[in-house]
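Heads up: the structure comes next, in structure tokens.
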Amino acid sequence: MIWETFVLALRAIRRNVLRSFLTILGIVIGVAAVITMVTLGDGATEQVRADISSLGSNMLQVRPGQGFRGPGGVRIPSERFKISDAQAIEREIAGLEAVAPTANRSAQAIIGNRNWPTSVMGSTNDYLTVRDWPLEHGRVFTEGELQSGRAVCILGTTVVKELFGDQDPLGAFIRLDRLSCQVVGVLSSKGQSSFGQDQDNTVLVPLKALQRRIAGNTDVEAVMVSAMEGVSTEALREDIERLMRERRRIAQGRDDDFHVRDMEEIVSALTSTTRVLTALLGAVAAVSLLVGGIGIMNIMLVSVTERTREIGTRLAIGAREKEVLMQFLIEAVVLSSLGGIFGIALGLGAAALGAHLLGVPFVFNAGIVILAFVFSASVGVVFGFFPARQAARMDPIEALRHE
Amino acid sequence: MNDQAPESINGALIRLEGITKVYGSGPAAVHALKGVDLKIDKGEFVAVMGPSGSGKSTCMNILGCLDTPTAGAYRFKGADAGALSRDQRALLRRNFLGFVFQGFNLLSRTSALENVELPLIYRGVPARERHAMARDALHAVGLTGWELHTPAELSGGQQQRVAIARAMVIEPEVLMADEPTGNLDSTRSREIMELLCSFNRDRGVTIVMVTHDAGMAGYAGRIIRFLDGLIDSEEPGGGCRP
Numbered sequence: 000m001i002w003e004t005f006v007l008a009l010r011a012i013r014r015n016v017l018r019s020f021l022t023i024l025g026i027v028i029g030v031a032a033v034i035t036m037v038t039l040g041d042g043a044t045e046q047v048r049a050d051i052s053s054l055g056s057n058m059l060q061v062r063p064g065q066g067f068r069g070p071g072g073v074r075i076p077s078e079r080f081k082i083s084d085a086q087a088i089e090r091e092i093a094g095l096e097a098v099a100p101t102a103n104r105s106a107q108a109i110i111g112n113r114n115w116p117t118s119v120m121g122s123t124n125d126y127l128t129v130r131d132w133p134l135e136h137g138r139v140f141t142e143g144e145l146q147s148g149r150a151v152c153i154l155g156t157t158v159v160k161e162l163f164g165d166q167d168p169l170g171a172f173i174r175l176d177r178l179s180c181q182v183v184g185v186l187s188s189k190g191q192s193s194f195g196q197d198q199d200n201t202v203l204v205p206l207k208a209l210q211r212r213i214a215g216n217t218d219v220e221a222v223m224v225s226a227m228e229g230v231s232t233e234a235l236r237e238d239i240e241r242l243m244r245e246r247r248r249i250a251q252g253r254d255d256d257f258h259v260r261d262m263e264e265i266v267s268a269l270t271s272t273t274r275v276l277t278a279l280l281g282a283v284a285a286v287s288l289l290v291g292g293i294g295i296m297n298i299m300l301v302s303v304t305e306r307t308r309e310i311g312t313r314l315a316i317g318a319r320e321k322e323v324l325m326q327f328l329i330e331a332v333v334l335s336s337l338g339g340i341f342g343i344a345l346g347l348g349a350a351a352l353g354a355h356l357l358g359v360p361f362v363f364n365a366g367i368v369i370l371a372f373v374f375s376a377s378v379g380v381v382f383g384f385f386p387a388r389q390a391a392r393m394d395p396i397e398a399l400r401h402e
Numbered sequence: 000m001n002d003q004a005p006e007s008i009n010g011a012l013i014r015l016e017g018i019t020k021v022y023g024s025g026p027a028a029v030h031a032l033k034g035v036d037l038k039i040d041k042g043e044f045v046a047v048m049g050p051s052g053s054g055k056s057t058c059m060n061i062l063g064c065l066d067t068p069t070a071g072a073y074r075f076k077g078a079d080a081g082a083l084s085r086d087q088r089a090l091l092r093r094n095f096l097g098f099v100f101q102g103f104n105l106l107s108r109t110s111a112l113e114n115v116e117l118p119l120i121y122r123g124v125p126a127r128e129r130h131a132m133a134r135d136a137l138h139a140v141g142l143t144g145w146e147l148h149t150p151a152e153l154s155g156g157q158q159q160r161v162a163i164a165r166a167m168v169i170e171p172e173v174l175m176a177d178e179p180t181g182n183l184d185s186t187r188s189r190e191i192m193e194l195l196c197s198f199n200r201d202r203g204v205t206i207v208m209v210t211h212d213a214g215m216a217g218y219a220g221r222i223i224r225f226l227d228g229l230i231d232s233e234e235p236g237g238g239c240r241p
């Protein structure tokens, strides 16, 4: 009986193709909008996640000062880190792959008459391990260069391109503000970060060289550490926090005057933004599904009135109330489900195109596809019920007499 | 209502006793039927006549279980059919009654075969069996070869034959015909009447037919005339000539 009714519904829809199409257009557009929005949103989230993981896997950053600014956006002053802090972390904390003390300054990189603003990072070879950043060619710093703070540098690919063009930079001397240093290596390219920063516009020098010759102090701005494979960053973070509180003599109950950030935190902060946006856009799209449902109800009511005599005939030859109800309900559900299917196809197509144009990955979200389909079918049930009940409750005598 | 409903002792298939039907209430009430007594035996062919407003349509609706009487007893195959619920009446119609209407009432854009299958669908007959039964019914009304035509492609007479096939496919106890020739010319009308006669004669189906046309009523074995909500007169008809 259900199957018969289903076939019957399809036939009724086929009898009036244009009207059926216009009826489901609202649902098609609604579902397509939801699918496109959510799929593109997922793609953007995925993009952010991929970008951030390119910063370095299992990375933690330890910085003085609090993670969040105080009232009025004032950074609460706190004691700087020294190299000894990094050494203490390396000595005391288990499960670390590498510990890199870092300090950072912006400077003009100059060779001959070429001039390029860049960021100079002072650190050790461990920085490359932490950031999972291999050299393209040349060599890393030697132990001696690190100890003595010799003026040697490793260039990011952007700096190489701007200063040297196609020439080989190895062995050349460049100037970073007042510091003249020799190029010993070139980093591989990492591309843009999700913050829109060019990660390859950097020059790496031994920490001591930066401290003495550019910054003019012995501060360490941040200690970057990376966890060994299989070590939880959460546990590491707690260990580091305990150690730093001890070293900085922070009394029980007082707030930290330093901050340990792990990449997961940054990832979730960024992805939660895109997720909120996705949800909002999805909600807007869902409203159009509602409008589509009202369209279906409208057409079903017209259809019931038009087919009054048919309903009368069916009742006369022995159709029960629930059978007529089912017939029209199934017709509405078939209509709205068709709308859902077309909408899903259209939405996925639009999302694939949009992902291509926006340069984000196309992430197929089976959950939202199923949800959209179930939702569109439910729209049929909800908005088809009232017209179907009207059909089912007709008086057969009146219905047969209807012109 | 079930198939094993006992036949009444005197053999009457349909028995109306003191049937009244009142529409509305208070001073505006309309008394469509004012106490009708009627007995129809199995295998009879009864024509119902009368001017409009005489109550014949109301009586037909009650006989066809499309409507319920305000008061009085309606016994169908000995069972009380007057007190059935809406769904029970639907089941009774599905199993025992065939309907033929003046306006044919076929589903448009639906083939003759599918139209005839419709009551079988509600009876839950499997598709294969259903097709065979519908083909047989169309053959019996002389429409072999027209199975796949839609009503729009059939003449009025052919459409009424499809409607008769649809009514007969369930092998009903009673065929309720409401002015079956009202929309047809005289030649087609005679053909339809002869078809009804053949079913009455060969298959023993009881026929109750409303008509305005004395010529058509002449085919029946008994003619009942309604006037002002009561049966005014009864007379024997000419009956079906072989």
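Top line first, the protein sequences correspond to chains A and B. FYI, in numbering that gives the first Met the number 0 the residues of the first sequence are 0 to 402. FYI, in numbering that gives the first Met the number 0 the residues of the second sequence are 0 to 241. C-beta atoms are modelled at their ideal positions from N, C-alpha and C, and glycine is treated no differently.
Extent of the continuous alpha helix (DSSP H) run through residue i
{"i": "Ser197 of chain B", "result": "Ser185 to Ser197"}
{"i": "Glu421 of chain A", "result": "Nothing in the structure corresponds to residue 421 of chain A, since chain A is present only between 0 and 402."}
{"i": "Met208 of chain B", "result": "Run containing Met208 of chain B: none in the alpha helix (DSSP H); it sits in the beta strand (DSSP E), Thr205 to Val209."}
{"i": "Ile173 of chain A", "result": "Segment Phe172 to Leu175 is the beta strand (DSSP E) holding Ile173 of chain A; no alpha helix (DSSP H) there."}
{"i": "Ala214 of chain A", "result": "Run containing Ala214 of chain A: none; DSSP gives neither H nor E here."}
{"i": "Val259 of chain A", "result": "Per DSSP, Val259 of chain A belongs to no alpha helix (DSSP H); it is in the beta strand (DSSP E), Phe257 to Asp261."}
{"i": "Met215 of chain B", "result": "Ala213 to Ala216"}
Cross-chain neighbours of residue i in chain B, by beta carbon under 8 Å
{"i": "Thr304 of chain A", "result": "Within chain B, no residue comes near Thr304 of chain A; the closest Cβ sits about 15 Å away, beyond 8 Å."}
{"i": "Ile396 of chain A", "result": "Asn60, Leu65 and Asp66"}
{"i": "Leu334 of chain A", "result": "Correct list: empty, because the minimum Cβ distance to chain B is about 18 Å."}
Check whether residue i and residue j have beta carbons under 7 Å apart
{"i": "Glu43 of chain B", "j": "Thr205 of chain B", "result": "yes"}
{"i": "Val368 of chain A", "j": "Ile343 of chain A", "result": "yes"}
{"i": "Gln87 of chain B", "j": "Asn182 of chain B", "result": "no"}
{"i": "Val185 of chain A", "j": "Val151 of chain A", "result": "no"}
{"i": "Ala31 of chain B", "j": "Gly228 of chain B", "result": "yes"}
{"i": "Glu144 of chain A", "j": "Pro205 of chain A", "result": "yes"}
{"i": "Ile223 of chain B", "j": "Val35 of chain B", "result": "no"}
Enclosing beta strand (DSSP E) for residue i [first to last residue]
{"i": "Gly184 of chain A", "result": "Leu178 to Leu186"}
{"i": "Cys152 of chain A", "result": "Val151 to Leu154"}
{"i": "Ser232 of chain B", "result": "Leu229 to Pro235"}
{"i": "Leu134 of chain A", "result": "Leu134 to Gly137"}
{"i": "Ile249 of chain A", "result": "Here Ile249 of chain A belongs to no beta strand (DSSP E), and DSSP marks it neither H nor E."}
{"i": "Ala8 of chain A", "result": "Segment Ile1 to Arg14 is the alpha helix (DSSP H) holding Ala8 of chain A; no beta strand (DSSP E) there."}
{"i": "Arg62 of chain A", "result": "Met58 to Pro63"}
Between the CA atoms of residue j and residue i - distance to the nearest angstrom
{"i": "Ala219 of chain B", "j": "Ala176 of chain B", "result": "12 Å"}
{"i": "Asp84 of chain A", "j": "Met243 of chain A", "result": "8 Å"}
{"i": "Arg134 of chain B", "j": "Gly294 of chain A", "result": "40 Å"}
{"i": "Val115 of chain B", "j": "Arg400 of chain A", "result": "21 Å"}
{"i": "Gly69 of chain A", "j": "Ala350 of chain A", "result": "Bear in mind that the predicted position of Gly69 of chain A carries a pLDDT of just 47, short of 50, making it unreliable; the figure below should be weighed with that in mind. Spanning the two alpha carbons is a distance of roughly 42 Å."}
{"i": "Arg92 of chain B", "j": "Gly292 of chain A", "result": "36 Å"}
{"i": "Leu178 of chain A", "j": "Ala208 of chain A", "result": "9 Å"}
{"i": "Leu370 of chain A", "j": "Ile169 of chain B", "result": "44 Å"}
{"i": "Asp66 of chain B", "j": "Gln159 of chain B", "result": "24 Å"}
{"i": "Met393 of chain A", "j": "Ile310 of chain A", "result": "8 Å"}
{"i": "Ser77 of chain A", "j": "Ile51 of chain A", "result": "28 Å"}
{"i": "Glu6 of chain B", "j": "Leu24 of chain A", "result": "Low confidence applies to Glu6 of chain B: its pLDDT is 46, below 50, so where it sits in the model is not reliable, and the reading given next is rough at best. In a straight line, the C-alpha of Glu6 of chain B is about 57 Å away from that of Leu24 of chain A."}
{"i": "Ile213 of chain A", "j": "Arg104 of chain A", "result": "8 Å"}
{"i": "Ile8 of chain B", "j": "Lys41 of chain B", "result": "In this predicted model, Ile8 of chain B has a pLDDT of only 47, less than 50, meaning its place in the structure is not dependable; the value taken from the coordinates is given anyway. Whole-angstrom Cα-Cα distance: 13 Å."}
{"i": "Ala111 of chain B", "j": "Arg14 of chain A", "result": "16 Å"}
{"i": "Ile191 of chain B", "j": "Pro179 of chain B", "result": "8 Å"}
Within chain A, the residues that residue i reaches when beta carbons sit closer than 7 Å
{"i": "Asp86 of chain B", "result": "Arg319 and Glu320"}
{"i": "Arg92 of chain B", "result": "Ala315, Ile316 and Gly317"}
{"i": "Phe98 of chain B", "result": "Ala315 and Ile316"}
Contacts that residue i makes with chain B (C-beta to C-beta distance below 7 Å)
{"i": "Arg14 of chain A", "result": "Arg108"}
{"i": "Arg308 of chain A", "result": "Asn104"}
{"i": "Glu3 of chain A", "result": "Ile120"}
Residue i CB to nearest heavy atom of the ligand SAM below 6 Å
{"i": "Trp145 of chain B", "result": "Looking for the ligand SAM in the displayed structure turns up nothing, as the structure carries no ligands at all."}
Contact list for residue i against chain A, beta-carbon separation under 8 Å
{"i": "Pro118 of chain B", "result": "Ile316 and Gly317"}
{"i": "Ala89 of chain B", "result": "Leu314, Gly317, Ala318, Arg319 and Glu320"}
Contact set between residue i and chain A, taken where Cβ atoms lie within less than 9 Å
{"i": "Ala31 of chain B", "result": "Neighbours of Ala31 of chain B on chain A: none; closest Cβ ~12 Å, over 9 Å."}
* Asked: Going along the chain, which unbroken runs of the beta strand (DSSP E) with 3 or more residues stay wholly within the stretch 79-125 of chain B?
  -> Here the runs fully enclosed are 96-99.
* Which runs of the alpha helix (DSSP H), 4 residues or longer, sit entirely within the stretch 29-53 of chain A? -> Those alpha helix (DSSP H) runs which fall completely within the stretch 29-53 of chain A and span 4+ residues do not exist here.
* Please list the segments of the alpha helix (DSSP H) lying wholly inside the stretch 89-129 of chain A, counting only runs of 4 or more residues, in order along the chain. => If you keep only unbroken alpha helix (DSSP H) runs of at least 4 residues inside the stretch 89-129 of chain A, you get 125-129.
* Ordered list of beta strand (DSSP E) runs contained in the stretch 38-74 of chain B, each at least 3 residues -> Those beta strand (DSSP E) runs which fall completely within the stretch 38-74 of chain B and span 3+ residues are 44-48.
* Asked: In chain order, which continuous runs of the alpha helix (DSSP H) of length 4 or greater are located wholly inside the stretch 272-343 of chain A?
  -> Taking only runs of at least 4 residues, the alpha helix (DSSP H) segments lying wholly in the stretch 272-343 of chain A are 307-315.
* Complete runs of the alpha helix (DSSP H) confined to the stretch 130-172 of chain B [at least 4 residues] -> For the stretch 130-172 of chain B, whole alpha helix (DSSP H) runs of length 4 or above, ordered along the chain, are 155-167.
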